[in-house]
Each structure stands twice: as structure tokens, then as C-alpha cells.
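Undergrad: First the structure, which I've put down as C-alpha cells, then a few questions once you've had a look.
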Amino acid sequence: MIPRFRNLLGTEPLNREQIEFILDQTRPFQEFQRHPLKKLATLRGKTVALAFFEPSTRTRISFATAASRLGADTMNLQAESSSLKKGESLLDTVWTLEAMKPDIVVMRHSSSGAADFVARHIDVPVINAGDGSHEHPSQALLDALTIRDRKGSLDNWNLTILGDILHSRVARSNIHLLSKFGARITLCGPPMWIPRELESLAPNIRRVWRIEEALDGADVVMVLRVQTERMHEPALPADEYVRRYQLTPERLRLARPDAIVMHPGPMIRGLEIDPAVADGPQSCVLEQVTNGLAVRMTLLFHLISAPATDAPHPAKESHASD
Amino acid sequence: MLLIKNGRVIDPASRSEGALDILIDGEKIVRAGTGLAAEGAEILDATGLIVAPGFIDLHCHLREPGQELSETIESGAQAAARGGFTAICPMPNTQPVHDNASVTRSMVDRAKAVAVVRVWPIGAASIGSKGEALSEISAMQDAGIVAISDDGKPVATARLLRQAMDYCGPLGLPVIDHCEDVSLAAGGVMREGQRSVRLGLKGMPAAAESICVGRDVEVAALTGGHLHIAHLSTAASLEHVRRAKKQGLRVTCEVTPHHFTLIDEDVQYDSRYKMNPPLASREDRDALRAGLADGSVDAIATDHAPHHAASKDVEFDRAPFGIIGFETALGLALDELLHPGRITLMRLVELFTTGPARVLGIERKIAAGEVADLTIFSLEHRWKYLAAETASRSRNTPFDGREYRGGPMATVVAGRVVYKR
Numbered sequence: 001m002i003p004r005f006r007n008l009l010g011t012e013p014l015n016r017e018q019i020e021f022i023l024d025q026t027r028p029f030q031e032f033q034r035h036p037l038k039k040l041a042t043l044r045g046k047t048v049a050l051a052f053f054e055p056s057t058r059t060r061i062s063f064a065t066a067a068s069r070l071g072a073d074t075m076n077l078q079a080e081s082s083s084l085k086k087g088e089s090l091l092d093t094v095w096t097l098e099a100m101k102p103d104i105v106v107m108r109h110s111s112s113g114a115a116d117f118v119a120r121h122i123d124v125p126v127i128n129a130g131d132g133s134h135e136h137p138s139q140a141l142l143d144a145l146t147i148r149d150r151k152g153s154l155d156n157w158n159l160t161i162l163g164d165i166l167h168s169r170v171a172r173s174n175i176h177l178l179s180k181f182g183a184r185i186t187l188c189g190p191p192m193w194i195p196r197e198l199e200s201l202a203p204n205i206r207r208v209w210r211i212e213e214a215l216d217g218a219d220v221v222m223v224l225r226v227q228t229e230r231m232h233e234p235a236l237p238a239d240e241y242v243r244r245y246q247l248t249p250e251r252l253r254l255a256r257p258d259a260i261v262m263h264p265g266p267m268i269r270g271l272e273i274d275p276a277v278a279d280g281p282q283s284c285v286l287e288q289v290t291n292g293l294a295v296r297m298t299l300l301f302h303l304i305s306a307p308a309t310d311a312p313h314p315a316k317e318s319h320a321s322d
Numbered sequence: 001m002l003l004i005k006n007g008r009v010i011d012p013a014s015r016s017e018g019a020l021d022i023l024i025d026g027e028k029i030v031r032a033g034t035g036l037a038a039e040g041a042e043i044l045d046a047t048g049l050i051v052a053p054g055f056i057d058l059h060c061h062l063r064e065p066g067q068e069l070s071e072t073i074e075s076g077a078q079a080a081a082r083g084g085f086t087a088i089c090p091m092p093n094t095q096p097v098h099d100n101a102s103v104t105r106s107m108v109d110r111a112k113a114v115a116v117v118r119v120w121p122i123g124a125a126s127i128g129s130k131g132e133a134l135s136e137i138s139a140m141q142d143a144g145i146v147a148i149s150d151d152g153k154p155v156a157t158a159r160l161l162r163q164a165m166d167y168c169g170p171l172g173l174p175v176i177d178h179c180e181d182v183s184l185a186a187g188g189v190m191r192e193g194q195r196s197v198r199l200g201l202k203g204m205p206a207a208a209e210s211i212c213v214g215r216d217v218e219v220a221a222l223t224g225g226h227l228h229i230a231h232l233s234t235a236a237s238l239e240h241v242r243r244a245k246k247q248g249l250r251v252t253c254e255v256t257p258h259h260f261t262l263i264d265e266d267v268q269y270d271s272r273y274k275m276n277p278p279l280a281s282r283e284d285r286d287a288l289r290a291g292l293a294d295g296s297v298d299a300i301a302t303d304h305a306p307h308h309a310a311s312k313d314v315e316f317d318r319a320p321f322g323i324i325g326f327e328t329a330l331g332l333a334l335d336e337l338l339h340p341g342r343i344t345l346m347r348l349v350e351l352f353t354t355g356p357a358r359v360l361g362i363e364r365k366i367a368a369g370e371v372a373d374l375t376i377f378s379l380e381h382r383w384k385y386l387a388a389e390t391a392s393r394s395r396n397t398p399f400d401g402r403e404y405r406g407g408p409m410a411t412v413v414a415g416r417v418v419y420k421r
């Protein structure tokens, strides 16, 4: 019996069985994306609240499309148009949203822990669509699906993540997820963005300062965007970044010949990645996007139609009186 | 008249301990001895309890004037009395900033009218606490301040700190500094370490505090003035203080109950774990406990920092720093320091009484003729702290629901019982 979960706040609290269960459930939804008529009635009459307190294009559209293809309606809250601009607190905003009776809240927020905080205060399931520098679990799940599809399995790969790891929620979610499947993880980027403490996130994490060394023997290469909006320090000059950390065709040749290249987007061609790599045969960037729909359809379907008890959640347990 | 019977009196000033009755007439202690009796006196039975000099809290925020939704002098003093404190020192980061004597007078007058404990205000070191020019320190002293500080932030520059310490020397006022290298700590919301990296919260390195403590100790050496380090939280900071003391400098420091109790690994996405300085590493916390035991730390101070729910119950990185602390301070000291055998009872009492008194240049003792400020507490009474029942206007504490062994039973200020459990 797979332990069900009510909220999806991160990949850290998930176990292998839960992750494999979700990935297995995506299969029909992956095939469905190729269908000429992309509309199901599975969630007809259900409402998905999309609460995006931080600008987002691809994740919001992906969740909105996933909801629509399942037949659900969506409520859209975007930071620019919301009452947050008028000074309303996050809690008041989500309580207002909850009063409109959605079946699930998908939220993105620039503060780490915001989804966790909201989940403790409302009775509707919450999917974290990115909270600050903390987690972005649906991204890691779609990355896992992409790796499994391309490489035939999810187990024991050499994973190299390039870029600004410290500020990256995608990196954290992928590290937590893939380390549960035995990944050996190499982090490479400007040293101030790869503090030693990152090694404590999971077993088998190492930090490497030369990209050539980081790519040597890699099976999966994840390229991150430089998160300028989350940096408190002055950014590195762009040409300095390109010189030392850009993923170029020459550097990629140091990885295993069958290595795949992933990027969560938005991708800045010519900065963190050479266009030839982005468009090359090893790149899975567009598959990631398509898989994102399948994963998000699975998550919405699973969390709305199969409500279950909570996954272990430390904050929730110790503050039951909230 | 008030007669406190059968208590175990602990008096750090004379380092004495014994079963004594204390007879109080008006505001003063008239006798301390065995088998006392007094016709018509109100009796306070302290059998099985500790009777100590009145506790002093060197560091709190009462939010009046300006933020009365979070706390007032009246409500804060009530909470302090429930915590066993007989005198409390509110920091000057009110609205407006307490940087002039008319604010001092208004606070002192207000306290006289409504506060059940003594309120000894701390004035701003600089005008508006902006770190540019010294405030009217002697005028505030005449109106009642007991120290100066720009708490909430450090005294901005070494030059200003030097001026403040030079100027305060002859006045006999300590300069209290909130030590933080603001460039290094900028944007941080918790201690930098494995926990901050896991949570994706911006960290403040421990060095942000100790760098500033190091600067301050150098300025203390330069001026010979009295420097008091507020809410010291790291082992490296403590080493600076130890070295300064060894050199004979007038450097003192305080530690808060939350810093000797919790660590950064306890932090959750819950702003009740957000304070500045942030909860430190386990090693730092253990170093603080050692410093409390060996005399390097002079006082336990609460840094009682009320924030109403509307401002505090928000995203972690957007919440203000600080937690309330009057009512849980003694319980935490008993649970974390005394019961596990880390410090003696005499030392514990000292940290709440003669320790902070010495920082302020005053005496605290139990003897005939002394002011009758007394704290009576239990070492064994089992109780549970519920934030919903606090006398404070705010409930921002990570210790809600925690159970304690021992705590305040009665608080006597100027001969009057202002709190009784």
C-alpha cells in the first residue's frame, strides 16, 4: 500500500514508493498529450486555485493546462492583480481564496516555506509550485520522469548540477528526489553559491570548482538559470560566468556519450548554456515541458480525487494547535 | 506589613543561603531572621519555595509609545511580574524613538501610573538611533534612563561608539550594543548553516555577531568605558568577552533564555522561531551554557519582543524578528541550566539579580533597610505555559504549550505582592 499524501510541499518528505507511484501514474497522461482531442472529464466540476504570488509563466500555464485537460475549472490569482498589492496579508488572501471553495490550491511564492505556512492554515490540499529557494517538487518529478524515459531507469546515475545551487529550489528538489534513487551528485558553479552546507542535504554530494571535472563521467547534466532576483550579493559579471561555467559542446563531450542535458527554464541561451547544446540531441528541454503536463495532471488527479491522510510533516505535527 | 515565612532565602550579594523569614514594612525590608512574627502582618507562606532578590531584566521591548497593539507599559509590566521580574529595562526602539528626555519622562510617568513592576528605560545612543550623532544622554539620565543603546541595530560606527563610551564614562552609564555586522548579515533571517541551506532561508553567519563584538571590545579598550553586549549568542563572541574581562576591561554581556535553550536545527517555517540574533548552532548554544556557568556571562536577559499576530503571522522571511520572553525565562533557566546540573542555584539567582544589577551599577541584596523587591519561585512546581493565557498583548513564542518544572510563584515590588500564582 502506497502511503498517500494530502499536500505536495516538497520532494524531501516523499519516499521512493510514493515517487515511483506518481511516475507510474503519469503513463496514461503522457500518452494523452499526443491525443488529438485533449479534454477529459475526470475532474469536471472540480476547481483548481492557481495562486501565483510570484511571476511565473511556464509553471502557471502548465498547471492551468493540466487542470483544463482534466476538465477542471481554474481560479487565477496573480500577484500583479491581487489585493496583496493593497497590503493584504498572505493568510487573508488564501483564506479568501479558500472561501471560494477550490478543491486544491497550487501556489508559488517568493518566500521559502510559504506553501508550508499556508498548508498549516487552510483545509484544502496545497501543491507547492515553488517557494523561494526551498523546493519545486513538480519540477523534480517531471525531471525524474524525463530521466526515466530517456535512460530507462532512475537509479544510480551520476548527476551534475551546474550554476547557482544556493538560491535554486529546482536543485534542492532534484537533490532530495534523485538521492533517494542512489544518485551521486556533483555540484559545480561559483563557490559563493555552493556553500559546504549543501553537502549535508543528502548522501553522496560533492562540490567541484572546475566544470570540466564536474562533467567527467556525468550521466545527467542539469543546467540552472542564474537567479538574479534571489541574490543578495552583487552578481558575477556575465562574461566571467560564461567563461567558467557555460555548458558548451566541448565541455559536454567530457560527460558520458549518452548523457542527457536538462534545464528547468527559463533558459538564457549564451549565458549558462551554449545554443548548440540547448538544441542538440542530448538536450531534453522540450520533453521536460511536455512531461510537466503529464506530471501535473497526475498530481491534480491524485490529490483531488484521492484525498488521503497527511504525509509526515514536521511543522504540522508540532503545531497542531494552530 | 508583609511577612514572608519559611522560605529558603538565596542572597548572592552575601553568598548566603538559609531558611529565613522576611518582614517587610512599607517599601522596605525591616528584618530577615528565623521565627519572625508580626501582629496583623499579611503572611505569605513560602514553605518549600526559594526567596530571592527581585529579578532584573536588562533587555525588553514594551512597544509604548507607538506600537500599543503589540504591547503597552502596563501589559508588559504585568507579564514581567508573572515571570518573576521586579524591574525591567525597555529598549528605546519605540515610535518615536526614545532619544530625548520628554519620551523618558512620559515613559517613567506612565510606568508610575500603570506598571506593577519597576520600569527602568534605556535611551537611544544616537538621535533617532540613526547612528549619526549622540542623543541628549545626560538629559535622559536625569529623567530616568539607566543605559544607552541603539538596540535593534548596532551602534553604527566605531567612531560613534567611541564617542558614546567616552561621554558615558563620567555619567556611569553602560553602553549596550546589539552586535551585528550589518553588511554580512544583510537579508538574513536565521543563522547560516546546514538548516538555513536546507530550508532555503537566507542565513546570517555567526561571524556577523562576533566581528562586531570584536570591534566593540577594541573600542572599550580604547576608551575605558563600560560596554555591555546585548543578547550574546555565539562562542566566538563569548571568547571576545572572556579575553576582555581577563584584560580587566569593563565589558559585560547577557544571554537570552531562547539562545541557551534552542538551536538553529529547531527552526521551522514558523516565525516564532525568528529572532535576531538568530538561534545559533548547537556548539554555540553549548558554549553559552558554559559561559553562564563559569561567570563569563553576567546576566540572563529576555529580549522580550512582542509582535501582534497580524505582523508576525506571515511568511518567515517577511516576519519581524523577536519573541516574547518574560513569563518563560525562569522556567527555561531551571529546566535547561539548573535541573541538568549545569549551574548552581546560587549562580542562577545571581544571573537574574546581582548580575544585571552590577551591569547597571546598583546593588541587590536581602537585608534590613533594603528595598523590598523579591522574587519567590518554586524548583518543583509542574506547570504548562500557554501563550493564550499570557499577560502580554502578544503571543509570539516558540514555547507555547511547553511544560516546566519550577517557576515564579510570587513577585514582590516595593513591599507589594504584584503577582501570586
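From first to last, the protein sequence lines stand for chains A and B.
One point on numbering: in the numbering used here, the residue at position 286 of the first sequence is 286, and numbering is uninterrupted.
One point on numbering: in the numbering used here, the residue at position 195 of the second sequence is 195, and numbering is uninterrupted.
Virtual Cβ for every residue (Gly too), placed ideally from N, Cα, C.
Because the structure is a prediction, the values reported are computed rather than measured.
On the CB-based measure, 16 or more other CB atoms within 10 Å of its CB, does Gln-141 (chain B) come out buried or exposed?
TA: For this step, residue 141 (chain B) is matched to residue 141 along the second sequence. Burial call: buried.
Undergrad: Would you say Leu-69 (chain B) lies against chain A (beta-carbon separation less than 9 Å)?
TA: By one-based count along the second sequence, residue 69 (chain B) stands at place 69. So, not an interface residue.
Undergrad: Residues of chain B with CB closer than 7 Å to the CB of Asp-116 (chain A), please, in chain order.
TA: Taking the first residue of the first sequence as 1, we reach residue 116 (chain A) at position 116. By Cβ distance, chain B contributes Tyr-269.
Undergrad: Would you mind giving the Cβ-Cβ distance between Gly-113 (chain A) and Phe-316 (chain B), rounded to the nearest angstrom? I have them listed as a contact below 8 Å.
TA: Taking the first residue of the first sequence as position 1, residue 113 (chain A) is located at position 113. Taking the first residue of the second sequence as position 1, residue 316 (chain B) is located at position 316. Contact holds; Cβ gap of about 5 Å.
Undergrad: Do Thr-298 (chain A) and Ala-214 (chain A) have their C-beta atoms closer together than 9 Å?
TA: Numbered from 1 along the first sequence, position 298 holds the residue referred to as residue 298 (chain A). Numbered from 1 along the first sequence, position 214 holds the residue referred to as residue 214 (chain A). Cβ atoms of Thr-298 (chain A) and Ala-214 (chain A): not closer than 9 Å.
Undergrad: Just checking: is the beta-carbon of Glu-42 (chain B) within a distance shorter than 9 Å of some beta-carbon in chain A?
TA: To locate residue 42 (chain B), count along the second sequence from 1; it is residue 42. By this cut-off, Glu-42 (chain B) is not an interface position.
Undergrad: Looking only at DSSP bridge pairs, what is Met-262 (chain A) linked to?
TA: Start at 1 with the first residue of the first sequence, and residue 262 (chain A) comes out as number 262. Answer is A:Met-222, bridged to Met-262 (chain A).
Undergrad: Roughly how many angstroms separate the alpha carbons of Glu-71 (chain B) and Cys-60 (chain B), rounded to a whole number?
TA: Residue mapping note: residue 71 (chain B) aligns to position 71 of the second sequence, counting from 1. Residue mapping note: residue 60 (chain B) aligns to position 60 of the second sequence, counting from 1. Their Cα atoms are separated by approximately 11 Å.
Undergrad: Using a Cβ cut-off of 8 Å, which residues of the stretch 63-95 of chain A contact any Cβ in chain B, in chain order?
TA: Correct list: Ser-89, Leu-90 and Leu-91.
Undergrad: Apart from the five residues just before and just after Ser-271 (chain B), which ones in its own chain have a Cβ nearer than 6 Å to its Cβ?
TA: Walking along the second sequence from the start, residue 271 (chain B) turns up at place 271. Taken in chain order, the residues that qualify are Lys-312, Phe-316 and Ala-319.
Undergrad: Should Glu-62 (chain A) go down as buried or exposed, given a rule of 16 or more other Cβ atoms within 10 Å for buried?
TA: The count along the first sequence starts at 1 and reaches residue 62 (chain A) at position 62. Per the sequence shown, residue 62 (chain A) should be read as Ser rather than Glu. Buried: at least 16 other Cβ atoms inside 10 Å.
Undergrad: Just to make sure I have the definition right: I need the residues of chain A whose C-beta is within less than 9 Å of the C-beta of Asp-335 (chain B). Which are they?
TA: In the second sequence, residue 335 (chain B) corresponds to position 335, counting from 1. The contacting residues do not exist; Asp-335 (chain B) stays about 18 Å from chain A at best.
Undergrad: For His-319 (chain A), name the three-state secondary structure that DSSP assigns.
TA: To locate residue 319 (chain A), count along the first sequence from 1; it is residue 319. Residue confidence for His-319 (chain A) is low, a pLDDT of 37 falling below 50, so the modelled location carries little weight; the figure read from the coordinates is stated next. DSSP places His-319 (chain A) in coil when its eight states are reduced to three.
Undergrad: When DSSP builds the beta bridges, which residues end up paired with Gln-288 (chain A)?
TA: In the first sequence, the residue the question calls residue 288 (chain A) occupies position 288. BP columns for Gln-288 (chain A) are empty, so no partner.
Undergrad: Rounded C-beta distance between Ser-168 (chain A) and Leu-224 (chain A)? I'm assuming under 8 Å.
TA: The count along the first sequence starts at 1 and reaches residue 168 (chain A) at position 168. The count along the first sequence starts at 1 and reaches residue 224 (chain A) at position 224. Correct: roughly 5 Å between the Cβ atoms.
Undergrad: Skipping 5 residues on each side, what residues in its chain have a beta carbon closer than 7 Å to that of Arg-425 (chain B)?
TA: Because chain B is modelled from 1 through 421, residue 425 (chain B) falls outside the range shown and cannot be assessed.
Undergrad: Measuring straight from C-alpha to C-alpha, what distance separates Gly-83 (chain B) and Arg-242 (chain B)?
TA: Mapped onto the second sequence, residue 83 (chain B) falls at position 83. Mapped onto the second sequence, residue 242 (chain B) falls at position 242. C-alpha separation (whole angstroms): 29 Å.
Undergrad: What residues of chain B sit near His-109 (chain A), judged by a beta carbon separation below 9 Å?
TA: Within the first sequence, residue 109 (chain A) is the residue found at index 109, counting from 1. Within chain B, the residues near His-109 (chain A) are Glu-315.
Undergrad: Of all the beta strand (DSSP E) runs that stay within the bounds of the stretch 186-218 of chain A, which reach a length of 3 or more residues?
TA: Runs of the beta strand (DSSP E) inside the stretch 186-218 of chain A: 205-208.
Undergrad: Among A:Lys-86, A:Pro-137 and A:Gly-87, which has the Cα closest to the Cα of Met-107 (chain A)?
TA: In the first sequence, the residue the question calls residue 107 (chain A) occupies position 107. Ranking the options by Cα distance to Met-107 (chain A), first place goes to A:Pro-137.
Undergrad: Going by the beta-carbon positions, is the gap between Asp-150 (chain B) and Ser-126 (chain B) smaller than 9 Å?
TA: Here residue 150 (chain B) refers to the residue found at position 150 when the second sequence is read from its first residue. Here residue 126 (chain B) refers to the residue found at position 126 when the second sequence is read from its first residue. It is a contact, given that the beta carbons lie within the stated cut-off.
Undergrad: Specify, as a first and last residue, the run of the alpha helix (DSSP H) that Phe-351 (chain B) falls within.
TA: Here residue 351 (chain B) refers to the residue found at position 351 of the second sequence. One point to set straight first is that residue 351 (chain B) is Leu, not Phe, in the sequence displayed. Here the alpha helix (DSSP H) through Leu-351 (chain B) covers 345-352.
Undergrad: Residues in the same chain with beta-carbon distance under 7 Å from Glu-136 (chain B), minus the five sequence neighbours each way, listed in chain order, please.
TA: As a first step, residue 136 (chain B) is located in the second sequence; it is residue number 136 there, counting from the start. If we look at Glu-136 (chain B) and ignore the five residues flanking it on each side, its Cβ neighbours are Asn-100 and Ala-101.
Undergrad: Output, in sequence order along the chain, the residues in the stretch 73-88 of chain B whose CB is closer than 7 Å to any CB in chain A.
TA: So nothing in the stretch comes that close.
Undergrad: The ligand SAH heavy atoms versus the CB of Ala-414 (chain B): any closer than 8 Å?
TA: Judged by which ligands are present, the structure shown has none, so any question about the ligand SAH falls away.
Undergrad: Runs of 3 residues minimum, wholly inside the stretch 72-127 of chain B: which ones carry the beta strand (DSSP E) assignment?
TA: If we require 3 residues or more, the beta strand (DSSP E) runs fully inside the stretch 72-127 of chain B come out as 85-90 and 122-124.
Undergrad: Tell me, please, which residues DSSP counts as bridged to Lys-5 (chain B).
TA: In the second sequence, residue 5 (chain B) corresponds to position 5, counting from 1. DSSP lists B:Asp-45 as partners of Lys-5 (chain B).
Undergrad: For the putative contact between Pro-257 (chain B) and Thr-328 (chain B), defined by C-beta atoms under 8 Å, what is the C-beta separation to the nearest angstrom?
TA: Position 257 of the second sequence holds residue 257 (chain B). Position 328 of the second sequence holds residue 328 (chain B). Correct: roughly 7 Å between the Cβ atoms.
Undergrad: 9 Å is my cut-off, CB to CB: does Ala-208 (chain B) come that close to chain A?
TA: For the purposes of this step, residue 208 (chain B) is taken as residue 208 along the second sequence, with counting starting at 1. No, because no Cβ of chain A sits closer than 9 Å to the Cβ of Ala-208 (chain B).
Undergrad: Alpha carbon to alpha carbon, what distance is there between Thr-157 (chain B) and Met-165 (chain B)?
TA: Against the second sequence, residue 165 (chain B) aligns to sequence position 165. Against the second sequence, residue 157 (chain B) aligns to sequence position 157. Those two C-alpha atoms are separated by around 12 Å.
Undergrad: Between which two residues does the alpha helix (DSSP H) containing Gly-33 (chain B) stretch?
TA: Walking along the second sequence from the start, residue 33 (chain B) turns up at place 33. Premise fails: Gly-33 (chain B) lies in the beta strand (DSSP E), 28-33, not in any alpha helix (DSSP H).
Undergrad: With a cut-off of 8 Å on the beta carbons, I'd call Glu-135 (chain A) and Leu-9 (chain A) a contact; round off their distance for me.
TA: As a position in the first sequence, residue 135 (chain A) is number 135, starting the count at 1. As a position in the first sequence, residue 9 (chain A) is number 9, starting the count at 1. So it is a contact: roughly 7 Å between Cβ atoms.
Undergrad: To be precise: take each residue of the stretch 179-201 of chain A, compare its Cβ to all Cβ atoms of chain B, and keep it if any distance is under 7 Å. Which residues remain?
TA: Listed by position, the residues of the stretch 179-201 of chain A near chain B (Cβ gap below 7 Å) are Pro-195, Glu-197, Leu-198, Ser-200 and Leu-201.
Undergrad: Using 8 Å as the Cβ pair cut-off and three pairs as the minimum, do the stretch 139-153 of chain A and the stretch 201-212 of chain B touch?
TA: These segments do not touch.
Undergrad: Could you pull the start and end residues of the alpha helix (DSSP H) that Gln-163 (chain B) belongs to?
TA: As a first step, residue 163 (chain B) is located in the second sequence; it is residue number 163 there, counting from the start. Start and end: 158-171.
Undergrad: Listed in chain order, which residues of the stretch 179-210 of chain B have Cβ atoms closer than 7 Å to some Cβ of chain E?
TA: This model lacks chain E altogether; the protein chains it does include are A and B.
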